[in-house]
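Peer 1: This is the structure I want to talk about, given as structure tokens.
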Amino acid sequence: MSAEEDYMADAKTIVNVQTMFRLFPSLSIITELTHPSNMRFMQFRAKDCYSLALSKLEKKERDKGSNLAFMFRLPFAAGRVFSISMLDTLLYQSFVKDYMILIARLLLGLDTTPGSGFLCAVSYNPKSECDTVPCCRLSN
Numbered sequence: 013m014s015a016e017e018d019y020m021a022d023a024k025t026i027v028n029v030q031t032m033f034r035l036f037p038s039l040s041i042i043t044e045l046t047h048p049s050n051m052r053f054m055q056f057r058a059k060d061c062y063s064l065a066l067s068k069l070e071k072k073e074r075d076k077g078s079n080l081a082f083m084f085r086l087p088f089a090a091g092r093v094f095s096i097s098m099l100d101t102l103l104y105q106s107f108v109k110d111y112m113i114l115i116a117r118l119l120l121g122l123d124t125t126p127g128s129g130f131l132c133a134v135s136y137n138p139k140s141e142c143d144t145v146p147c148c149r150l151s152n
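Per this note's numbering, the very first residue in the sequence shown carries number 13; after that it's consecutive.
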């Protein structure tokens, strides 16, 4: 696989998230990307002055040799996009810093703190639905 193809690994995800962002602007989506440099495409609006100014700032940072230019993007700063390499770094740090385990659990949605978001679960009992829908009964 060439370097170009490797960076295209996030293309489908980026297009899907951009579509959802345009259709439902108030929706909060957390996205994982393979390459941190692809964060520049997340929730980007070409006609927005702020986005264009950020692009210029990122270009200056890349020209300086910085690989952290994506940190200026709003989706990253708001916690809506991350790279798996960042999660690997957090897990490595958890061996040295005990509080990193709590942070990782919060990021993964396993724990909650006052004021944080949380994941929910909905229980589903297929047997109760089979009693009401005759076509769903299985033969033994």
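By construction, the Cβ of each residue, glycine as well, lies at the ideal position given by its N, Cα and C atoms. What you are looking at is a predicted structure, and each value in this text was computed from that prediction instead of being measured.
Pick out whichever of 54, 37, 32 has its Cα sitting closest to the Cα of residue 94.
Peer 2: Here residue 94 refers to the residue found at position 82 of the sequence shown. Cα-wise, what sits closest to residue 94 is 54.
Peer 1: Less than 8 Å between the CB atoms is what I'm expecting for residue 92 and residue 41, so what's the real figure, rounded?
Peer 2: One-based indexing of the sequence shown puts residue 92 at position 80. One-based indexing of the sequence shown puts residue 41 at position 29. At roughly 6 Å, the Cβ-Cβ gap stays under 8 Å, so residue 92 and residue 41 are in contact.
Peer 1: Where DSSP assigns a beta bridge to residue 46, which residues make up the other side?
Peer 2: What you label residue 46 is simply residue 34 of the sequence shown in a count that begins at 1. DSSP lists no partner for residue 46.
Peer 1: From residue 60 to residue 108, what distance separates their C-alpha atoms?
Peer 2: One-based indexing of the sequence shown puts residue 60 at position 48. One-based indexing of the sequence shown puts residue 108 at position 96. The alpha-carbon atoms of residue 60 and residue 108 are separated by roughly 42 Å.
Peer 1: Along the alpha helix (DSSP H) that carries residue 33, what are the first and last residues, could you check?
Peer 2: On the sequence shown, position 21 is the one that residue 33 refers to. Here the alpha helix (DSSP H) through residue 33 covers 23–35.
Peer 1: When we look at the beta-carbon of residue 120 and count the other beta-carbons within 10 Å, is it buried (16 or more) or exposed?
Peer 2: What you label residue 120 is simply residue 108 of the sequence shown in a count that begins at 1. With fewer than 16 Cβ atoms within 10 Å of its Cβ, residue 120 is classed as exposed.
Peer 1: Based on the DSSP secondary-structure assignment, which residues constitute the bridge partners of residue 94?
Peer 2: Here residue 94 corresponds to residue number 82 of the sequence shown, with the count starting at 1. Bridge partners of residue 94: 44.
Peer 1: By a C-beta neighbour count over all protein chains shown, 10 Å radius and 16 as the cutoff for buried, is residue 100 buried or exposed?
Peer 2: The residue given as residue 100 occupies position 88 in the sequence shown. Result: exposed.
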